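So the sequence shown is numbered by the numbering used here: it starts at 7 and just counts up by one. One structure is given here, and the rest of the page talks about it.
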Amino acid sequence: MLERTRSKNAIEITFVLPADHPCGDVSVVGDFNDWQPGAHPLAVRKDGTRAVTVSIPAERRVHFRYLAHGDYWFDEESADGHDGQNSYLRT
Numbered sequence: 007m008l009e010r011t012r013s014k015n016a017i018e019i020t021f022v023l024p025a026d027h028p029c030g031d032v033s034v035v036g037d038f039n040d041w042q043p044g045a046h047p048l049a050v051r052k053d054g055t056r057a058v059t060v061s062i063p064a065e066r067r068v069h070f071r072y073l074a075h076g077d078y079w080f081d082e083e084s085a086d087g088h089d090g091q092n093s094y095l096r097t
């Protein structure tokens, strides 16, 4: 699930996953963090879900995927689209 908050020059995207699926550590990687695993790890929230918020400049299209323990890559179903390799968002 994605949560979006708009400001004048940027959009804050909160990437949200259930607490237990997939198990283990998960990070979101994309062109906004040079595809660096672990740069944006999801942390447990009070409601039990895991999340991380990333600020992205407005008027951009960004590509991303999730990376879980064991080199398990997966996409976000609620992204704006999928290009065959990655999920993407339009900001």
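Think of the CB as a built atom: it goes at the ideal place given N, C-alpha and C, for glycine as much as any other residue. Note that this is a predicted model, so its numbers are computed, not measured.
request  = Report back the beta-carbon spacing between Pro28 and Tyr94 to the nearest angstrom; my notes put them in contact at under 8 Å.
outcome  = Residue 28 sits at position 22 when you count from the first residue of the sequence shown. Residue 94 sits at position 88 when you count from the first residue of the sequence shown. Actually they are not in contact, since the Cβ atoms of Pro28 and Tyr94 sit about 21 Å apart, beyond 8 Å.
inquiry  = Measuring only the C-alpha atoms, how far is Tyr72 from Pro43?
reply    = As a first step, residue 72 is located in the sequence shown; it is residue number 66 there, counting from the start. As a first step, residue 43 is located in the sequence shown; it is residue number 37 there, counting from the start. Distance between the alpha carbons of Tyr72 and Pro43: 9 Å.
inquiry  = For Gly90 and Pro63, what's the separation of their Cα atoms in angstroms?
reply    = Numbered from its first residue, the sequence shown carries residue 90 at position 84. Numbered from its first residue, the sequence shown carries residue 63 at position 57. In a straight line, the C-alpha of Gly90 is about 24 Å away from that of Pro63.
query = Of the residues Phe70, Lys52 and Gly76, which one's Cα is nearest the Cα of Asp86?
reply = Here residue 86 corresponds to residue number 80 of the sequence shown, with the count starting at 1. It is Phe70.
ask   = When the Cα atoms are used, what is the spatial distance from Asn15 to Phe38?
value = Reading the sequence shown from its first residue, position 9 is the one you call residue 15. Reading the sequence shown from its first residue, position 32 is the one you call residue 38. Each residue's Cα considered, the two are about 15 Å apart.
request  = Taking all protein chains shown into account, decide if Glu82 is buried (16 or more other Cβ within 10 angstroms of its Cβ) or exposed.
outcome  = Stepping through the sequence shown from its first residue, residue 82 is reached at position 76. That one is buried.
ask   = Going by the CB atoms, is the gap between Thr20 and Ala57 shorter than 8 Å?
value = The residue labelled residue 57 in the question sits at position 51 within the sequence shown. The residue labelled residue 20 in the question sits at position 14 within the sequence shown. Yes; because the gap between Cβ atoms is below 8 Å, this pair is in contact.
ask   = Apart from the five residues just before and just after Val35, which ones in its own chain have a Cβ nearer than 8 Å to its Cβ?
value = Counting from one through the sequence shown, the residue named residue 35 turns up at place 29. So the list reads Trp41, Gln42, Pro43, Ala45, His46, Phe70, Arg71, Tyr72 and Leu73, once near-sequence residues are dropped.
ask   = In chain order, what residues of the same chain lie with their CB nearer than 6 Å to the CB of His75, ignoring the 5 residues before and after it?
value = Looking up residue 75 in the sequence shown gives position 69. Excluding residues within five positions, the ones whose Cβ falls inside 6 Å are Gly30 and Asp31.
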